[in-house]
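Student:
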Amino acid sequence: MRNSIPFLMALITALFLFSCSESKSEAEYYKLAYDQYNDGKYEESIKNFTSLIEEYPDGENTPNTIFMVGFIYANHLEKYDEAKKYYNMFMEKYPDHELVSSAKYELETLGKDINELDIFKNIEEEKKKEN
Numbered sequence: 135m136r137n138s139i140p141f142l143m144a145l146i147t148a149l150f151l152f153s154c155s156e157s158k159s160e161a162e163y164y165k166l167a168y169d170q171y172n173d174g175k176y177e178e179s180i181k182n183f184t185s186l187i188e189e190y191p192d193g194e195n196t197p198n199t200i201f202m203v204g205f206i207y208a209n210h211l212e213k214y215d216e217a218k219k220y221y222n223m224f225m226e227k228y229p230d231h232e233l234v235s236s237a238k239y240e241l242e243t244l245g246k247d248i249n250e251l252d253i254f255k256n257i258e259e260e261k262k263k264e265n
């Protein structure tokens, strides 16, 4: 029994250190998630963005992170209900943020084909006028 006590203490210490090393800083989560996004690893990106939101709810990058989760769901994964959830969360928590108008636009255009959007219709009309 006495011989197993040092082993158990070492095991407990190792488990504690391992569990502590799993947590990342806010900047690490943000960089990792953004790199994954840029690499087209959208599900992995969302996983790390949402971990940032959960672990750093008042963090410096949290507003952009919430917006990005909505953006990925809307524009890459076509999970519009999830996108709405995150865009609405973003606008509720940060009503004065510079991306609020973008979040509103994203909500207005969720699921629409790019050719249906007014901005592109106007461009096409301008091209026709020029020719």
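By our numbering, the letter at position 27 of the sequence shown is numbered 161, and the numbering carries on one by one without gaps.
All C-beta atoms in this analysis are idealised placements derived from N, C-alpha and C, irrespective of residue type, glycine included.
If you're wondering where the values come from, they're calculated on a predicted model, not measured in any experiment.
CA-CA distance, residue 242 and residue 191?
Tutor: Here residue 242 refers to the residue found at position 108 of the sequence shown. Here residue 191 refers to the residue found at position 57 of the sequence shown. Computed Cα separation, rounded: 26 Å.
Student: Which runs of the alpha helix (DSSP H) at least 4 residues long sit entirely within the stretch 183-242? Give them in chain order.
Tutor: List check, alpha helix (DSSP H) in window: 196-209 and 214-227.
Student: Pull up the distance between the alpha-carbon of residue 176 and that of residue 225, whole angstroms please.
Tutor: To locate residue 176, count along the sequence shown from 1; it is residue 42. To locate residue 225, count along the sequence shown from 1; it is residue 91. Roughly 22 Å between the two C-alpha positions.
Student: Does the beta-carbon of residue 155 have 16 or more other beta-carbons within 10 angstroms, so that it is buried, or is it exposed?
Tutor: On the sequence shown, position 21 is the one that residue 155 refers to. Bear in mind that a pLDDT of 47 at residue 155, under 50, signals an unreliable position, so the model cannot answer this.
Student: What's the gap between the Cα of residue 198 and the Cα of residue 174?
Tutor: Here the question's residue 198 lines up with position 64 in the sequence shown. Here the question's residue 174 lines up with position 40 in the sequence shown. Whole-angstrom Cα-Cα distance: 18 Å.
Student: Counting C-beta neighbours from all protein chains within 10 Å, is the total for residue 161 16 or more, i.e. buried, or is it exposed?
Tutor: Within the sequence shown, the letter at position 27 stands for residue 161. When all chains shown are included, residue 161 counts as exposed.
Student: Could you give the DSSP three-state label for residue 252: helix, strand or coil?
Tutor: Taking the first residue of the sequence shown as 1, we reach residue 252 at position 118. Correct three-state label for residue 252: helix.
Student: Does DSSP put residue 157 in a helix, in a strand, or in coil?
Tutor: Indexing the sequence shown from 1 puts residue 157 at position 23. Coil, per DSSP.
Student: So, are the CB atoms of residue 207 and residue 182 less than 8 Å apart?
Tutor: In the sequence shown, residue 207 corresponds to position 73, counting from 1. In the sequence shown, residue 182 corresponds to position 48, counting from 1. Not a contact, by the Cβ cut-off of 8 Å.
Student: Tell me the DSSP secondary structure of residue 169 in three-state form.
Tutor: Position 35 of the sequence shown holds residue 169. Correct three-state label for residue 169: helix.
Student: Kindly indicate which three-state DSSP category residue 181 falls into: helix, strand or coil?
Tutor: Walking along the sequence shown from the start, residue 181 turns up at place 47. Of the three classes helix, strand and coil, the one that applies to residue 181 here is helix, per DSSP.
Student: Output the distance between the C-alpha atoms of residue 188 and residue 236, rounded to the nearest integer angstrom.
Tutor: For the purposes of this step, residue 188 is taken as the residue at position 54 of the sequence shown. For the purposes of this step, residue 236 is taken as the residue at position 102 of the sequence shown. So the alpha carbons of these two residues sit roughly 23 Å apart.
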